[in-house]
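This report concerns only the one structure given below.
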DNA sequence: TCAAGTATACTTGTATACAAGTATTATAAT
DNA sequence: ATTATAATACTTGTATACAAGTATACTTGA
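Residue numbers (my numbering), protein chains in the order written: chain A, 49 to 291; chain B, 49 to 291.
Take a look at the structure:
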């Protein structure tokens, strides 16, 4: 099995994860990166052999990926669905939906504390850019949105987020790794946009928030076409794996 | 273990379900009905003994319930969260959110076919009322909303629904069982409201749709207070288990 | 009586074993 | 050559076994 030991998912993020979770994280990356193509059929036994674990954690992982709509569990093997443009758009639909919902709650709350917290995360993102740490940047980016969502304390919205987060995280990770190599100028725009978002939260400006959300979508999705074509982005995002 | 063999979930709905799914369905009912109180700690071994299966399906079930926010998996035992008023409100928040989203898609589609399909389901509901079949009524009620959601063909919205559905189904099941005994007059109102919903879809009337959605919420949630108090509804909903 | 340490009875996570079912392939008959 | 049947190599779902870790209770010492 050549290259079976090169993991796409940052290993330091897996410090206390179970074997099943590790497999899920890694498989997710491979599916989203296109390394495992959509339509492929995954066998529990083969995966167990590949990852050198028993079927128990593999089954766990497959259940997780199925709940994230990345694979479809059938009577004979798991069929890879993957992330095509349609799915990415749909994910952003949902993100727009839940963040809009969250914003409606935020406008009735004291958001000063949140704004401070978000500013801190934004600083972290800037540092990550400075040191060209794509993984750290992605982590903070995801954390940014999670922080907003958690702030309203809504367990079922959080449930949705929890289902969406791993896929988003993997996608962002791959996307950012590529852009650090090829589209470095993107990041000033991303940072600006996040600043806009914080302003929207601080001033409770609904339109500004929607604007920045849409812009964020364009930032990631609008550019996807050229990134995505023939899955180049993915091999690009996949090959780099620093410290 | 007295009464361990009385299942709350309709067994005929479990014809080809795996053992793990069965356990999940049943545990879900017991948690939502209050038969298992929130705060209780579930042990895999005890559950395995109770349900007379091995730990494998139990673990599977617990993972499912955790993803539905009904329990919290901790290092030592699974802690029951349950459905209190807050959670029920939150579930309806999410339902309102996704059905609103779906409606926005529907207004750009040809909804005639859907309206017909919904009318059929409504007829089924009427029959279920006539024959006082609470379980069948609940099934059709859930199907009604699922049919609407599936019609727009959005895999990530469907993903949310799939996470929400089992909890909603159980809740509706328990609620309807009780009402067939005590609040029979509720059903004409529920039927009327669903007719309103179909009209909204047919005429693509956004306001009408929101109105009927809110009304539906009031129908289930607004009355919850008295149903819910001291979990009486639940034992009521639990005891009846026909044919 | 109280503190410290040890023993015990839990817990989860993973590996392995087995049963039942399904697709595929090979063989045999027409 | 083609179809029917049988053998084989898969598949999943479940049970069981074991290892490592954690809380509880108990014992021992002061």
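Cβ coordinates follow ideal geometry from the N, Cα and C atoms, glycine included.
- According to the DSSP secondary-structure assignment, residue 127 of chain A is paired through a beta bridge with A:89, A:120.
- With a threshold of 16 other beta carbon atoms within 10 Å, residue 189 of chain B meets it and is buried.
- The shortest CA-to-CA distance from residue 245 of chain B to any of B:132, B:164, B:129, B:103 is the one to B:164.
- When the beta-carbon positions are compared, residue 204 of chain B and residue 117 of chain A come within less than 8 Å of each other.
- For residue 253 of chain B, no alpha helix (DSSP H) run applies, since DSSP gives it neither H nor E.
- The residue among A:250, A:219, A:139 with its C-alpha nearest the C-alpha of residue 208 of chain A is A:139.
- Among the CB atoms of chain A, none fall inside 8 Å of the CB of residue 265 of chain B.
- Assigned with DSSP and collapsed to three states, residue 156 of chain A falls in coil, not helix or strand.
- Contact check for residue 241 of chain B against residue 255 of chain B fails: the beta carbons are separated by 8 Å or more.
- Residues of chain A with a Cβ closer than 8 Å to the Cβ of residue 218 of chain B do not exist, since the nearest Cβ in that chain sits about 15 Å away.
- Residues of the same chain with a CB within less than 8 Å of the CB of residue 155 of chain B, apart from the 5 flanking positions on each side, are 252, 254 in chain order.
- Judged by DSSP secondary structure, residue 59 of chain A falls outside any alpha helix (DSSP H); it is assigned neither H nor E.
- Straight through space, the alpha carbons of residue 160 of chain B and residue 194 of chain A are spaced by roughly 40 Å.
- Counted as a single uninterrupted DSSP element, the alpha helix (DSSP H) harbouring residue 187 of chain B occupies residues 182 to 199.
- Contact note: residue 208 of chain B reaches chain A through 142, 208, 211, using a C-beta cutoff of 8 Å and chain order.
- For residue 117 of chain B, the C-beta contacts it makes with chain A under 7 Å involve 203, 204, 207, in order along the chain.
- Assignment of residue 82 of chain A by DSSP, reduced to helix, strand and coil, places it in the coil class.
- DSSP places residue 168 of chain B within a helical segment (H, G or I) once states are collapsed to three.
- One Cα belongs to residue 229 of chain B, the other to residue 92 of chain A, and the distance between them is close to 48 Å.
- Between residue 128 of chain A and residue 134 of chain A, the alpha-carbon positions lie close to 15 Å from each other.
- With a beta-carbon spacing of about 7 Å, residue 239 of chain B and residue 173 of chain B fall inside the 8 Å limit used to define contacts.
- Taking all protein chains in view, the Cβ of residue 89 of chain B is surrounded by fewer than 16 other Cβ atoms within 10 Å, so the residue is classified as exposed.
- Remark: C-beta atoms of residue 147 of chain A and residue 186 of chain A do not approach each other more closely than 8 Å.
- Distances from the alpha-carbon of residue 141 of chain A to those of B:143, B:149, B:137 put B:149 closest.
- Interface residue (Cβ-Cβ distance to chain A less than 8 Å): residue 145 of chain B is classified as such.
- Under the criterion of beta carbons closer than 8 Å, residue 77 of chain A and residue 57 of chain A qualify as touching, at roughly 5 Å.
- Annotated three-state conformation of residue 179 of chain A is coil, per DSSP.
- Against chain B, the CB of residue 152 of chain A has no partner CB under 8 Å away; the residue lies outside that interface.
- At a Cβ-Cβ threshold of 8 Å, residue 196 of chain B and residue 221 of chain B do not count as neighbours.
- For residue 109 of chain A, the uninterrupted alpha helix (DSSP H) segment begins and ends at 103 to 115.
- The three-state reading of DSSP puts residue 140 of chain A in helix, counting H, G and I together.
- Excluding sequence positions up to five before and after residue 113 of chain A, its CB lies within less than 8 Å of the CB of 72, 75, 76, 79, 119, 126, all in the same chain and listed in chain order.
- Proximity of residue 149 of chain A to chain B, defined by a Cβ-Cβ separation below 8 Å, is satisfied.
- For residue 139 of chain A, the C-beta contacts it makes with chain B under 8 Å involve 204, in order along the chain.
- Among the residues of the stretch 94 to 127 of chain A, those with a Cβ less than 9 Å away from any Cβ of chain B are 104, 107, 108, 111, 112, 115, 116, 117, in the order of the chain.
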